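These protein sequences, in sequence, are chains V and F.
Residue numbers for the first sequence follow the working numbering, so the first one is 87 and each next one is one higher.
Residue numbers for the second sequence follow the working numbering, so the first one is 87 and each next one is one higher.
A virtual CB, placed ideally from N, CA and C, is assigned to each residue, including glycine.
Fair warning: this is a prediction, and the values are worked out from it, not measured in the lab.
A short worksheet on the structure shown next.
Number of protein chains: 2
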Amino acid sequence: MTRTPRERMVLSAAQLVRIHGVGATGMRDVVAHAEAPRGSLQHYFPGGKDQLIAEAVAWAGDYAARRVARVAAKIEDPTPGKLFAAMAAQWRDEFTAQGYDAGCPLVATVADTAATSDDLREAAGKAFDGWQRPVAATLEDYGVPAARSTSLAVLMLSALEGAIVLARAHQDVAPLDTVVAELRPLLDGAASGVANDSFATPGGASTVD
Amino acid sequence: MTRTPRERMVLSAAQLVRIHGVGATGMRDVVAHAEAPRGSLQHYFPGGKDQLIAEAVAWAGDYAARRVARVAAKIEDPTPGKLFAAMAAQWRDEFTAQGYDAGCPLVATVADTAATSDDLREAAGKAFDGWQRPVAATLEDYGVPAARSTSLAVLMLSALEGAIVLARAHQDVAPLDTVVAELRPLLDGAASGVANDSFATPGGASTVD
DNA sequence: GGGCTACCATGACGGACGTCATGAAGGAGG
DNA sequence: CCTCCTTCATGACGTCCGTCATGGTAGCCC
Numbered sequence: 087m088t089r090t091p092r093e094r095m096v097l098s099a100a101q102l103v104r105i106h107g108v109g110a111t112g113m114r115d116v117v118a119h120a121e122a123p124r125g126s127l128q129h130y131f132p133g134g135k136d137q138l139i140a141e142a143v144a145w146a147g148d149y150a151a152r153r154v155a156r157v158a159a160k161i162e163d164p165t166p167g168k169l170f171a172a173m174a175a176q177w178r179d180e181f182t183a184q185g186y187d188a189g190c191p192l193v194a195t196v197a198d199t200a201a202t203s204d205d206l207r208e209a210a211g212k213a214f215d216g217w218q219r220p221v222a223a224t225l226e227d228y229g230v231p232a233a234r235s236t237s238l239a240v241l242m243l244s245a246l247e248g249a250i251v252l253a254r255a256h257q258d259v260a261p262l263d264t265v266v267a268e269l270r271p272l273l274d275g276a277a278s279g280v281a282n283d284s285f286a287t288p289g290g291a292s293t294v295d
Numbered sequence: 087m088t089r090t091p092r093e094r095m096v097l098s099a100a101q102l103v104r105i106h107g108v109g110a111t112g113m114r115d116v117v118a119h120a121e122a123p124r125g126s127l128q129h130y131f132p133g134g135k136d137q138l139i140a141e142a143v144a145w146a147g148d149y150a151a152r153r154v155a156r157v158a159a160k161i162e163d164p165t166p167g168k169l170f171a172a173m174a175a176q177w178r179d180e181f182t183a184q185g186y187d188a189g190c191p192l193v194a195t196v197a198d199t200a201a202t203s204d205d206l207r208e209a210a211g212k213a214f215d216g217w218q219r220p221v222a223a224t225l226e227d228y229g230v231p232a233a234r235s236t237s238l239a240v241l242m243l244s245a246l247e248g249a250i251v252l253a254r255a256h257q258d259v260a261p262l263d264t265v266v267a268e269l270r271p272l273l274d275g276a277a278s279g280v281a282n283d284s285f286a287t288p289g290g291a292s293t294v295d
């Protein structure tokens with residue numbers, strides 16, 4: 087609570103984007119939520135709404151990255167599958183405790199502005215990268231080969247984001263549990279040096295048709 | 087092109103939501119895009135914007151379901167992994183051909199309105215169900231046990247939706263290719279009757295910590 | 001033909017938005 | 001004390017939004 091008004095506004099913007107999306111999040115809503123003076127907007131964010139949202143997206147990316155590091159440190163007997171389960175559990179806990187009003191701000195930003203603002207789309211892309219990097223690094227710590235770790239990190243982020251959307255649509259955490267249950271063996275298998283395609287049809291083409 | 091103005095408006099609404107999200111899609115934009123008379127809005131959609139968007143979402147769900155059936159019919163020597171690859175390839179092709187402006191309308195609707203409108207959130211949930219059902223049914227046709235097919239369908243939808251978001255953020259189809267490459271062995275393994283948790287730690291708890 | 005219904009056209013209303021102009025506190029340094 | 005600069009306050013402007021009111025046209029049915 088000792089945060090500067092500027093920080094509060096960025097943080098409030100991120101939270102409001104999670105709930106209402108970029109388009110439906112007004113500048114007046116942000117200052118009201120941040121209990122900040124409205125006049126400060128044009129002072130701290132001369133770039134207008136885009137600058138504010140871009141900073142909120144960047145903050146969200148950093149926050150996600152920090153959260154990965156924090157949760158990874160608390161896993162005992164760590165495996166890739168447990169890391170993914172822990173990441174999903176954070177969303178599970180929030181949904182059950184706080185409801186399904188808030189989703190991922192990066193998804194909301196991409197959905198609303200990918201076609202409209204290159205700046206915001208790029209900011210979201212960098213935020214995703216900043217989130218993906220510690221995931222991949224942690225996977226390597228757990229014994230996943232470097233060549234594989236970024237691929238698995240992309241899979242984890244994709245499955246998690248998609249499950250979040252499904253969970254919100256259904257107001258049910260079941261999709262989160264499902265992707266964790268299904269992905270866990272695959273992820274843990276990658277750490278023990280088992281080849282990726284041990285089950286693939288031998289000699290099968292890697293493209294469809 | 088022989089579509090009725092009403093159909094054109096629903097279809098245009100769906101396309102505009104894919105690009106701009108729900109909040110930034112205006113009714114005037116819809117009638118302009120559909121080349122429909124503006125006066126028809128209050129006649130065909132007395133429920134206002136919510137009704138129009140809800141119908142667009144429902145249409146999108148039906149369309150996705152039809153597309154699954156259509157693409158499944160064209161796969162030779164079908165396996166679950168090939169089905170997933172084919173579904174991802176449809177998005178891959180669209181991104182490379184048309185650019186990254188348009189995403190999944192269901193994701194955009196959930197991100198924008200999950201906290202605001204129960205009607206739209208529910209419509210999105212039903213649309214996801216209508217999409218998931220033919221996927222699960224096709225998996226069963228391919229030899230996946232019934233108990234497993236819905237779980238894998240949820241995983242496929244989640245991973246696909248998440249990869250679509252990542253692809254749009256990066257303006258690169260790589261995430262789609264990655265999730266297909268990583269998920270293919272797992273999916274194909276499920277069809278040959280291999281147990282899901284063959285790699286899981288024996289007797290391990292299914293929750294983290 | 002008269003009347004009824006379906007469909008389309010147009011303009012207006014109230015509100016919310018992002019942005020800007022203007023100006024007032026309030027401490028720092030001379 | 002005066003001045004400068006950061007920070008905050010407030011009101012206004014122009015635009016766009018979703019919705020509504022009103023009226024016009026076209027075709028079918030009795």
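Opening and closing residue of the alpha helix (DSSP H) in which residue i lies
i	result
Lys-160 of chain F	Careful: Lys-160 of chain F lies outside any alpha helix (DSSP H) and carries neither H nor E.
Gly-229 of chain F	Per DSSP, Gly-229 of chain F belongs to no alpha helix (DSSP H) and is neither H nor E.
Ser-98 of chain V	91 to 106
Gln-128 of chain F	126 to 130
Pro-123 of chain F	Unbroken run through Pro-123 of chain F: none, as it is neither H nor E.
Ala-188 of chain F	Element bounds for Ala-188 of chain F: n/a, residue is neither H nor E.
Ala-267 of chain F	260 to 277
Length of the line joining the Cα atoms of residue i and residue j
i	j	result
Ala-172 of chain V	Thr-224 of chain V	13 Å
Pro-231 of chain F	Arg-270 of chain F	17 Å
Glu-180 of chain F	Pro-123 of chain V	45 Å
Gly-185 of chain F	Trp-177 of chain F	10 Å
Val-221 of chain F	Thr-264 of chain V	16 Å
Thr-356 of chain F	Gly-229 of chain F	Nothing about residue 356 of chain F can be reported from this structure: the residues present for chain F run from 87 to 295 only.
Leu-169 of chain V	Asp-258 of chain V	22 Å
Leu-206 of chain F	Asp-274 of chain V	38 Å
Met-242 of chain V	His-129 of chain V	39 Å
Asp-227 of chain V	Arg-89 of chain F	57 Å
Gly-216 of chain F	Ala-209 of chain V	33 Å
Ser-98 of chain V	Asp-204 of chain F	24 Å
Ser-126 of chain F	Gly-112 of chain V	30 Å
Phe-285 of chain F	Ile-161 of chain F	Legend: pLDDT at Phe-285 of chain F = 41, less than 50; position of this residue unreliable, no value from coordinates given.
Gln-218 of chain V	Ile-250 of chain V	17 Å
Ala-183 of chain F	Arg-152 of chain F	21 Å
Ala-144 of chain F	Ala-110 of chain F	19 Å
Val-154 of chain F	Asp-136 of chain F	27 Å
Residue i in three-state terms, based on DSSP
i	result
Asp-205 of chain V	helix
Gly-167 of chain V	helix
Thr-111 of chain V	coil
Gln-137 of chain F	helix
Ala-200 of chain V	coil
Gln-218 of chain V	helix
Gln-184 of chain F	helix
Gln-176 of chain F	helix
Check whether residue i and residue j have beta carbons under 8 Å apart
i	j	result
Val-157 of chain V	Leu-252 of chain F	no
Val-117 of chain F	Ile-139 of chain F	no
Ala-200 of chain F	Asp-187 of chain V	yes
Ala-255 of chain V	Gly-211 of chain F	yes
Asp-198 of chain F	Val-96 of chain F	no
Pro-191 of chain V	Ala-146 of chain V	yes
Ala-245 of chain V	Ala-245 of chain F	yes
Thr-202 of chain V	His-119 of chain F	no
Ala-142 of chain V	Ala-100 of chain V	yes
Ala-276 of chain V	Leu-238 of chain V	yes
Ala-174 of chain F	Leu-272 of chain F	no
Gly-248 of chain V	Gly-248 of chain F	yes
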